[in-house]
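Some notes on the structure that comes next.
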Amino acid sequence: MAKNPLTRVRDAGKAVAQTMAEDVDAALARDPAGGSRLEMALASPGLHAVWSHRVTHAMWRRGGRWKLPARLGSQVTRAVTGVEIHPGATIGRRFFIDHGMGVVIGETSEVGDDCMLYNGVNLGGRTLAKVKRHPTLGDGVTVGAGARILGPVVVGNGAQVGANAVVVKDVPATGVAVGVPAKVRVPQAPAVDPFTDPALYI
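Take 1 as the starting number for the sequence shown in the working numbering and just add one per residue.
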């Protein structure tokens, strides 16, 4: 038996509220300057950019006449937050952008769950062809400030990319990529804090 419209709206509202609560909790866990949940929800441009993207991405997936409003919405978000996420990009759960300013995420980018980007990160392309041309980040990936990950490279689960690194080749799971061009290092025990800037390993 199909659900009535009011039930569908209520269920959708609950799902949205749960996702937003997850995002706020993830942001608080990763930002020592975060303060309260209310402060984070009201004053975090990274969170606002992610929430806006979730709306524009849903519009983009509907296709047709929804694509232009999705693009316009993403441009408004860029102007307000300093974060540019193409509505075609796929973003996982509990994604957090710290500070946010200057972050660019291209159309065919894929970002897994529990990822974190610092300011100035670019998930960019290296071709003009209409193919998969942007990076794929696995779950639990951290990307340091100013890093560039270019092309359809894969950054494995739990990997870290150092500040200002330029990544043009795949990074294995739990690897640390630093330098220009980036070279991969595997940190030795003890395990590193996944939210520490990986540039510390240079």
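Glycine is no exception: its CB is placed at the ideal position from the N, C-alpha and C atoms.
With DSSP as the reference, identify every bridge partner of methionine 116, one or two as the case may be. Numbered from its first residue, the sequence shown carries residue 116 at position 116. Paired residue(s): Phe96 and Thr142.
With distances taken between CB atoms, is the gap from proline 152 to threonine 108 smaller than 9 Å? As a first step, residue 152 must be located in the sequence shown, where it is residue number 152. As a first step, residue 108 must be located in the sequence shown, where it is residue number 108. Yes, Cβ-Cβ distance for proline 152 and threonine 108 is below 9 Å.
Can you tell me whether valine 80 is helix, strand or coil according to DSSP? By one-based count along the sequence shown, residue 80 stands at place 80. Three-state DSSP puts valine 80 in a helix.
Whole-angstrom C-beta distance between valine 154 and threonine 136, which should lie under 8 Å: One-based indexing of the sequence shown puts residue 136 at position 136. One-based indexing of the sequence shown puts residue 154 at position 154. Between threonine 136 and valine 154 the beta-carbon gap is near 5 Å, inside 8 Å, which marks them as a contact.
Secondary structure at valine 121, three-state DSSP: helix, strand or coil? Translated into the one-based positions of the sequence shown, residue 121 becomes position 121. Three-state result, valine 121: coil.
Excluding five sequence neighbours on each side, which residues of the same chain lie with their C-beta closer than 7 Å to the C-beta of arginine 78? The residue given as residue 78 occupies position 78 in the sequence shown. The residues Glu84, in chain order, have a CB closer than 7 Å to that of arginine 78 in the same chain once the five nearest residues on each side in sequence are set aside.
Helix, strand or coil: which one does DSSP assign to alanine 173? In the sequence shown, residue 173 corresponds to position 173, counting from 1. Alanine 173: coil per DSSP, three-state reduction.
Where does leucine 42 sit, in a helix, a strand or coil, going by DSSP? Start at 1 with the first residue of the sequence shown, and residue 42 comes out as number 42. The answer is helix: DSSP assigns leucine 42 an H, G or I state.
Candidates Leu68, Arg94, Val16 and Ala147: which alpha carbon is nearest isoleucine 105's? What you label residue 105 is simply residue 105 of the sequence shown in a count that begins at 1. Nearest C-alpha to isoleucine 105 among Leu68, Arg94, Val16 and Ala147: Ala147.
From this set, Ala163, Trp60, Asn164 and Arg185, which residue's C-alpha is nearest valine 171's C-alpha? Position 171 of the sequence shown, counted from the start, is the residue given in the question as residue 171. Of Ala163, Trp60, Asn164 and Arg185, the residue nearest in Cα terms is Arg185.
Residues near proline 190 by beta carbon distance below 7 Å, same chain, minus five either side: Within the sequence shown, the letter at position 190 stands for residue 190. Because the pLDDT of proline 190 is 49, which lies under 50, any placement of that residue in the model is unreliable, and the number read from its coordinates should be weighed accordingly. Contacts found: none.
Rounded to whole angstroms, how far is the Cβ of proline 87 from the Cβ of arginine 71, which I believe are closer than 8 Å? For the purposes of this step, residue 87 is taken as residue 87 along the sequence shown, with counting starting at 1. For the purposes of this step, residue 71 is taken as residue 71 along the sequence shown, with counting starting at 1. The Cβ separation is near 6 Å, so the contact holds.
Less than 6 Å between C-beta atoms, sequence neighbours within five positions excluded: which residues of the same chain meet that for tryptophan 51? Taking the sequence shown and counting its residues from 1, one reaches residue 51 at position 51. Here tryptophan 51 has no same chain residue with a Cβ atom under 6 Å from its own Cβ, once five neighbours each way along the sequence are excluded.
In this structure, does DSSP put methionine 20 in helix, strand or coil? For the purposes of this step, residue 20 is taken as residue 20 along the sequence shown, with counting starting at 1. Reduced to three states, the DSSP call for methionine 20 is helix.
Assigned exposure category for glycine 158 - 16 Cβ within 10 Å defines buried: Working through the sequence shown from its first residue, we reach residue 158 at position 158. By the 10 Å Cβ count, glycine 158 comes out buried.
If you pair each beta-carbon of the region 52-66 with each one of the region 34-41, do three or more pairs fall below 8 Å? Below 8 Å, too few C-beta pairs join the region 52-66 and the region 34-41 to call them touching: fewer than three.
Inter-residue Cα distance where the pair is alanine 27 and aspartate 139: Counting from 1 along the sequence shown, the entry for residue 27 is found at position 27. Counting from 1 along the sequence shown, the entry for residue 139 is found at position 139. Their backbone Cα atoms lie some 16 Å apart in a straight line.
How big is the Cα-Cα spacing for aspartate 98 and leucine 150? Here residue 98 refers to the residue found at position 98 when the sequence shown is read from its first residue. Here residue 150 refers to the residue found at position 150 when the sequence shown is read from its first residue. About 20 Å.
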